[in-house]
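Enquirer:
Numbering (my numbering), first residue to last: 46 to 555.
(1) What's the C-alpha gap between residue 92 and residue 411?
(2) So the beta strand (DSSP E) residue 80 belongs to, where does it begin and stop?
(3) Going by CA-CA distance only, name the one from 398, 436, 435 that's closest to residue 427.
(4) Run through DSSP, which three-state label would residue 420 get?
(5) Whose C-beta lies closer than 7 Å to the C-beta of residue 325 among residues of the same chain, with five residues either side of it excluded?
(6) Taking a contact to mean a Cβ-Cβ separation below 9 Å, would you say residue 406 touches residue 430 in this structure?
(7) Under three-state DSSP, which class holds residue 503?
(8) Enumerate in chain order the residues of its own chain whose CB-to-CB distance from residue 462 is below 7 Å, with the five nearest sequence positions on each side excluded.
(9) Which of helix, strand or coil does DSSP assign to residue 157?
(10) Can at least three beta-carbon pairs, one atom from the segment 79 to 97 and one from the segment 371 to 384, be found at a separation below 8 Å?
(11) Mind reading off the beta-carbon distance from residue 522 to residue 76? Whole number of angstroms is fine, and I expect it under 8 Å.
(12) Is the Cβ-Cβ distance between residue 110 and residue 366 less than 9 Å?
(13) State the DSSP-derived secondary structure class of residue 87, mapped to helix, strand or coil.
(14) Pull up the DSSP beta-bridge partners for residue 401, would you.
(15) Please report the distance separating the alpha-carbon of residue 394 from that of residue 300.
(16) Roughly how many whole angstroms lie between the Cα atoms of residue 424 and residue 441?
(17) For residue 468, write down the residues that DSSP places opposite it in a beta bridge.
(18) How is residue 51 classed by DSSP in three states: helix, strand or coil?
(19) The beta strand (DSSP E) that contains residue 74, what's its start and end?
(20) May I have the straight-line CA-CA distance separating residue 418 from residue 466, to the nearest angstrom?
(21) So, at 7 Å on beta carbons, what are the nonlocal neighbours of residue 134 in its own chain, with the 5 sequence-adjacent residues on each side left out?
(22) Quick one: what's residue 116 bridged to in DSSP?
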């Protein structure tokens, strides 16, 4: 009878203890709905096409900070880009040399035009001075002849009045006077005709010379347009290639911006060439029609107009030379930077940035990899944390620094962790894409809490083989702040009472 009573007491105490163990945590705090140990995964991608020389250690192998994890030898680096830059550097150098030569020739032409303007002015002044002196001398001769004829006429008229000479003598004197006046007019007409003929020959020669010059300048503008079209095609291809590399994460966005700038610059150069070609055609058409040049002031001061044109052309050549020299220097700097990058990418040997374990091992030695492909993944065991889901009613009661009792499932010991951050996690919340462990989608809302835990000791083979416990689920309990420490004396007394009861039962059983 006593034995059955003892058994009933023990059973009742066991049931009460089980119910208390089940309900007590939920009454005095917050129990996790789901919890998992998590850590970041570092993914290493191939910066170039290459061949694996030395693979990573095996799966779950421990690696220390700064350990060399991998060795990749580049098989196809950006040689085509280097070749393109070299070709562009040669083109820019040749263009700069051509512009320097063009500048020298233009300077010689300007100097010649200046000498021509001065020489033509002096020569024309000398010619006109001589003509003026000749005209004055001829006028004096004609005046003398006219005076003589006038005197002869007066004498003949006087003799005629006295009847000493016939009337024919008077007529001859009058004819001689008129002849002298006509000779003076003919001399002036001949002088004017000579001046007109000289000016006409000068205009014809200047027109032909300017047409030849403008034709050559038009050919030069068309050649420049073809060069700029080639530059535009190359810039468009570079932009397409840069956008493709940017999409794969191989180049920064500044590379695409530079390619777009080069394309726009080439397009602007083509528009400028089209405008210059159209202007030259209009100017040539005006000159062929006998009209003054739209770019000048007419044929009368052609040398001065050409001098002004050549001065502007010389300034334009100097500006273009400076621009080409700047672009050449930029290409040379980019080529030097590209060479440095190639020297650095010939061998890719990444080192571990943290203590961890190999999460995903690389392929075997001798395997080929392509630009942007995943090589391996490293689990960062220094930044472990526990991702916990609580009921959303606990949101306001879980500030940063709150202590939590954690026990990994399958373990008989627990440890304390503290809240690092929290945020609401409603239905359909985005899942992590960089962490090793990912929580399963849950149907109802809640609060997601992150608990910070100590770094794992990767020197322990068991820890490394278990991937630093990443992915293990856990049970997490956070005591409500109103109950923290309140029932500790009571629990101690209950524990002492339960120990005494067990001793009494043991004596009864004896």
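Ideal Cβ positions, reconstructed from N, Cα and C, are used throughout, including at glycine.
Values in this document were obtained by computation on a predicted structure and should not be read as measured data.
Expert: Working from what's here:
(1) Distance between the alpha carbons of residue 92 and residue 411: 17 Å.
(2) 79 to 83
(3) Put simply, of 398, 436, 435 the residue whose alpha carbon is nearest the alpha carbon of residue 427 is 398.
(4) Here residue 420 sits in strand by DSSP.
(5) 259, 262, 263, 266
(6) no
(7) coil
(8) So the qualifying residues of the chain are 431, 449, 451, 496, 497, 498.
(9) helix
(10) no
(11) 6 Å
(12) Between residue 110 and residue 366, the gap from beta carbon to beta carbon reaches 9 Å or more.
(13) strand
(14) 108, 425
(15) One C-alpha to the other measures close to 25 Å.
(16) 33 Å
(17) 493
(18) helix
(19) 74 to 76
(20) 34 Å
(21) 373, 376, 377, 380
(22) 99
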